[in-house]
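As given, the protein sequences belong to chains A and B, one line each in that order.
So for the first sequence, this note's numbering puts the first residue at 1295; every next one is plus one.
So for the second sequence, this note's numbering puts the first residue at 1295; every next one is plus one.
Just so you know, even glycine gets a beta-carbon here, dropped at the ideal spot from N, CA and C.
Keep in mind the model is a prediction, meaning the values are calculated, not measured.
Take a look at the structure set out below.
2 protein chains.
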Amino acid sequence: MKLLNRDVDYAARALVFMARANKPTVSVAQMEGTIGVTRPFLRKIMQKLHKAGILVAVKGKGGGFALARRPETITLAGLVAVLQGPLKLNDCVFRKKICQNHGACLLRHKIAAVEARLISEIEGITIKDLI
Amino acid sequence: MKLLNRDVDYAARALVFMARANKPTVSVAQMEGTIGVTRPFLRKIMQKLHKAGILVAVKGKGGGFALARRPETITLAGLVAVLQGPLKLNDCVFRKKICQNHGACLLRHKIAAVEARLISEIEGITIKDLI
DNA sequence: ACATATGATACTGCATGGGTATCATTATGT
DNA sequence: ACATAATGATACCCATGCAGTATCATATGT
Chain A
1295 MKLLNRDVDY AARALVFMAR ANKPTVSVAQ MEGTIGVTRP FLRKIMQKLH
1345 KAGILVAVKG KGGGFALARR PETITLAGLV AVLQGPLKLN DCVFRKKICQ
1395 NHGACLLRHK IAAVEARLIS EIEGITIKDL I
Chain B
1295 MKLLNRDVDY AARALVFMAR ANKPTVSVAQ MEGTIGVTRP FLRKIMQKLH
1345 KAGILVAVKG KGGGFALARR PETITLAGLV AVLQGPLKLN DCVFRKKICQ
1395 NHGACLLRHK IAAVEARLIS EIEGITIKDL I
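Structure follows, in structure tokens:
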């Protein structure tokens, strides 16, 4: 099981790169070498971050992306939510059925608590922490 | 992302069933209805648990499985280890390469800490807790 | 012998993640 | 105007892993 998929991993690196760059915009072409990923792949990630309001995009020659917020307000939990969807440690196999098995329900309950703590931990990690 | 796959989920239910049954052995046929899973599928899970030393198996008519240890010593972390492989939240995309990106390494470091806490939490959940 | 168990293994179908390709749109510089 | 450099949007492919099935071998109680 992976907590972070590659999108989140690359996104974190790209955002750190941008936070350090201290320029109006940074293009994907300027990052791809350092990040170590192909341009189309990184672009797809950046576009998702843009749609999510984490990045500002400037089209056209000389354009690129910029952080839409300060690094300390961009959390790992936010990146995970955008690039992986919500964390659901608690994906119950019962789904639509009514849960008759008390043991399993206790399990849900306990896992939900673990999930909540996990989320609060990754909410506490920001891009600023990674610079 | 799922913390627990179905194997672990069904395994937990089966082990709780067995702990409650208070019989020398419980066969898969006796459990399948309550657990809500087909016999061959549950058997595969039980066999893994047997190989891992969590269950004792008795072959032949009237046979079945029994817990090899007391419920309070069978942890969720143990089931995960057997049925999903080790938790690696920290699957670094750099792998063989030397990590040159400081930001990413800070990320590893922080995720490793999260992982350690997560594991200790699921080590604290036992079958006895679910009965 | 037969019915009932587990042991072991191989196979299939499907969902997901990782990654690529393509075309459209927008802005800049000459 | 035109070439260039950038993002926007989408569709697609492929490898992997999960979920589930099927089959045969082995052991045991009646």
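Which residues in the same chain have their Cβ closer than 6 Å to the Cβ of residue i, if we skip the five residues on either side of it in sequence?
| i | result |
| --- | --- |
| L1370 (chain B) | I1416, I1419 |
| D1301 (chain A) | I1339, L1377 |
| L1309 (chain B) | I1421 |
| L1349 (chain B) | L1343, F1359, A1362 |
| K1391 (chain B) | The predicted position of K1391 (chain B) is uncertain, since its pLDDT is 49 and thus under 50; a value taken from the coordinates is nonetheless stated next. Closer than 6 Å at the Cβ level, and outside the excluded window around K1391 (chain B), lies no residue. |
| G1372 (chain A) | none |
Within its chain, find whatever has a CB closer than 7 Å to the CB of residue i; leave out the 5 residues flanking it on each side and keep chain order.
| i | result |
| --- | --- |
| P1318 (chain A) | A1360 |
| I1329 (chain B) | Y1304, R1307, A1308, F1311, L1336 |
| K1296 (chain B) | none |
| A1351 (chain B) | H1344, F1359 |
| R1389 (chain B) | Because the pLDDT of R1389 (chain B) is 46, which lies under 50, any placement of that residue in the model is unreliable, and the number read from its coordinates should be weighed accordingly. Nothing meets the Cβ criterion. |
Taking Cβ to Cβ, would you say residue i is nearer than 7 Å to residue j?
| i | j | result |
| --- | --- | --- |
| V1376 (chain A) | K1342 (chain A) | yes |
| E1326 (chain B) | R1337 (chain B) | no |
If you drop the 5 nearest sequence neighbours on each side, which residues of the same chain put their C-beta closer than 8 Å to that of residue i?
| i | result |
| --- | --- |
| R1314 (chain A) | I1425 |
| V1331 (chain A) | Y1304 |
| G1357 (chain A) | T1319, S1321, A1351 |
| K1353 (chain A) | none |
From the options, pick the residue whose C-alpha is nearest to that of residue i; which is it?
| i | options | result |
| --- | --- | --- |
| A1306 (chain A) | A:A1323, A:I1339, A:K1345 | A:I1339 |
| R1363 (chain B) | B:A1346, B:H1403, B:T1328, B:V1408 | B:A1346 |
| N1429 (chain A) | A:P1365, A:A1407, A:R1402 | With chain A covering 1295 to 1425 only, the question about residue 1429 (chain A) has no answer from this structure. |
| T1367 (chain A) | A:P1380, A:V1352, A:D1423, A:G1330 | A:D1423 |
| P1380 (chain A) | A:A1410, A:V1352, A:K1353 | A:A1410 |
| K1355 (chain A) | A:Q1324, A:K1296, A:V1331 | A:Q1324 |
Hey, residue i and residue j are a contact pair by Cβ (cut 8 Å); roughly how many whole angstroms apart?
| i | j | result |
| --- | --- | --- |
| L1298 (chain A) | I1405 (chain B) | 7 Å |
| V1322 (chain B) | F1311 (chain B) | The Cβ separation is near 11 Å, so there is no contact. |
Should residue i be listed as close to the ligand FMN, given that the test is whether its C-beta is under 6 Å from any heavy atom?
| i | result |
| --- | --- |
| A1360 (chain B) | This structure does not include the ligand FMN; it has no bound ligands of any sort. |
*Inside the stretch 1344-1372 of chain B only - beta strand (DSSP E) runs reaching at least 3 residues*: Within the stretch 1344-1372 of chain B, the complete beta strand (DSSP E) runs of at least 3 residues are 1349-1352, 1358-1361.
*Which ranges would you report for the alpha helix (DSSP H) in the stretch 1300-1330 of chain B if only whole runs of at least 4 residues count?*
Runs found: 1300-1315, 1322-1329.
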